[in-house]
Amino acid sequence: MTSVVSGNFTTGATFVDTFSYISEIHPQLSWFEKIWASYFAWFGDDIIATGVFIFVLHESMYFGRCIPWMIIDSMPFFSKWKIQEAKVISKKEQFACLKSVLLSHFLVEAIPIFGFYPICNYLGISLSVPFPSWITIVLQICVFFVGEDAWHYWLHRGLHQGVFYKYIHKQHHKYAAPFGLAAEYAHPVEVALLGVGTVGIPIFWVYITKNLHILTVSIWICLRLFQAVDAHSGYEFPWSLHHFLPIWAGAEHHDEHHHHFIGNYASSFRWWDFVLDTEAGPKAKEDRLRRQALKQKKNA
Ligand SMILES: [Zn+2]
Ligand SMILES: [Zn+2]
1 MTSVVSGNFT TGATFVDTFS YISEIHPQLS WFEKIWASYF AWFGDDIIAT
51 GVFIFVLHES MYFGRCIPWM IIDSMPFFSK WKIQEAKVIS KKEQFACLKS
101 VLLSHFLVEA IPIFGFYPIC NYLGISLSVP FPSWITIVLQ ICVFFVGEDA
151 WHYWLHRGLH QGVFYKYIHK QHHKYAAPFG LAAEYAHPVE VALLGVGTVG
201 IPIFWVYITK NLHILTVSIW ICLRLFQAVD AHSGYEFPWS LHHFLPIWAG
251 AEHHDEHHHH FIGNYASSFR WWDFVLDTEA GPKAKEDRLR RQALKQKKNA
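Pasting the structure below:
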């Protein structure tokens, strides 16, 4: 039995029976809340149910988000928006990348995914229905985005130093012109370290506030995956998010990083690179030189 909703759940009942029973005793719940509660009640083991749910969610969202970019890559119509137009990835390279990413998902990411719920359960995360309000969900996800971006900036900048680059981060830089699938193409140590930003921050949050729902974490994981895949898409459209939200990093920001191997270390936002003067690309270099010349002139 599970604590997700109250009721006497019969072991061996089908999912449909569980759904009907929950609908009968909790008619006030929304359809999605009933589905959610039925899934956990029917599974009967919160640890396995959460692990399976997050793992399947991660796989479907990651590859689901990559598919449109693979289709766009195969259509010449879109090439005018490709950032590094001359560098189109071959099918063979995509397949090699896919194999490596899949291996990493099953061998490296599955363990923390299944370990996530027991830790969070101990710290007070919730699985139950009704869900928290949308305001709570949105605010917590904003905190996770800002926190992950800071973690990513400093860790990524560190990974570009000497031996860390040579033995760990170099793998991710195999593709100077990135593509969606390459978002999680990285050394297992890097996957684990960057993963701390995605799952460690919600863990820290629940430790401090005792106020977090697995649904919020699930939406956060989806958005973080979309951000990572899109940043590696290699396309800059007139409707790309950073044109409307200038602090958003997006593909243009991260593509410059892969192109020049230096600068633009943050994941979601542009503020760290801007404030700490680590922006990448020829325009950023030009601005930097101009600022330095102005400073020298002032000091002369
Ligand atoms: Zn890098
Ligand atoms: Zn990258």
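If you're matching positions, the sequence shown starts at 1 in the UniProt record's numbering and goes up one per residue. All residues carry an ideal CB built from backbone N, CA and C; glycine is no exception.
A Cβ-Cβ contact shorter than 7 Å links I141 with W220.
Residue burial annotation: D45 is exposed, with fewer than 16 other C-beta atoms found within 10 angstroms of its C-beta.
DSSP places W248 in the strand class (E or B) of the three-state scheme. Residue nearest to Q84 within the set K34, Q296, D255 is D255 (criterion: CA-CA distance). Going by beta carbons, G263 and E279 fall inside the 7 Å limit. Excluding residues up to 5 positions away in sequence, G180, L225, F226, V229, D230 lie with their Cβ nearer than 8 Å to the Cβ of R65 in the same chain. Spatial neighbours of E184 in its own chain (CB-CB distance under 6 Å, excluding positions within 5 residues in sequence) are listed in chain order as V101. DSSP places Y207 within a helical segment (H, G or I) once states are collapsed to three. Where S20 is concerned, the enclosing alpha helix (DSSP H) starts and stops at 15 to 25. When DSSP assignments are scanned along the region 126 to 199, the uninterrupted stretches of alpha helix (DSSP H) that are 4 or more residues long and fall wholly within it turn out to be 134 to 159, 162 to 167, 188 to 195. For the alpha helix (DSSP H) assignment, the uninterrupted runs of no fewer than 4 residues enclosed by the region 227 to 277 are, from N- to C-terminal side, 250 to 260, 271 to 275. The alpha carbon of F106 has as its nearest neighbour, out of A192, H258, W134, the alpha carbon of A192.
Residue H187 holds the alpha-carbon nearest to the alpha-carbon of E109 among C97, A300, H187, H232. Just so you know, the alpha carbons of L212 and V143 end up roughly 12 Å apart. Here I137 has F131, H213, L215, T216, I219 as same chain residues with Cβ atoms under 8 Å from its own Cβ, once five neighbours each way along the sequence are excluded. Counting C-beta pairs closer than 8 Å gives three or more between the region 197 to 206 and the region 144 to 152, which meets the contact rule. Taking all protein chains in view, the Cβ of G124 is surrounded by fewer than 16 other Cβ atoms within 10 Å, so the residue is classified as exposed.
Taking C-alpha positions only, F53 is separated from D17 by approximately 20 Å. For the options L29, I119, K34, the alpha carbon positioned closest to that of G51 is the one of I119.
Within the DSSP bridge table, the entry for H213 names S126 as partners. When the Cα atoms are used, S90 and K82 turn out to be separated by approximately 15 Å. In the DSSP assignment, W69 falls within the alpha helix (DSSP H) that extends over 46 to 73.
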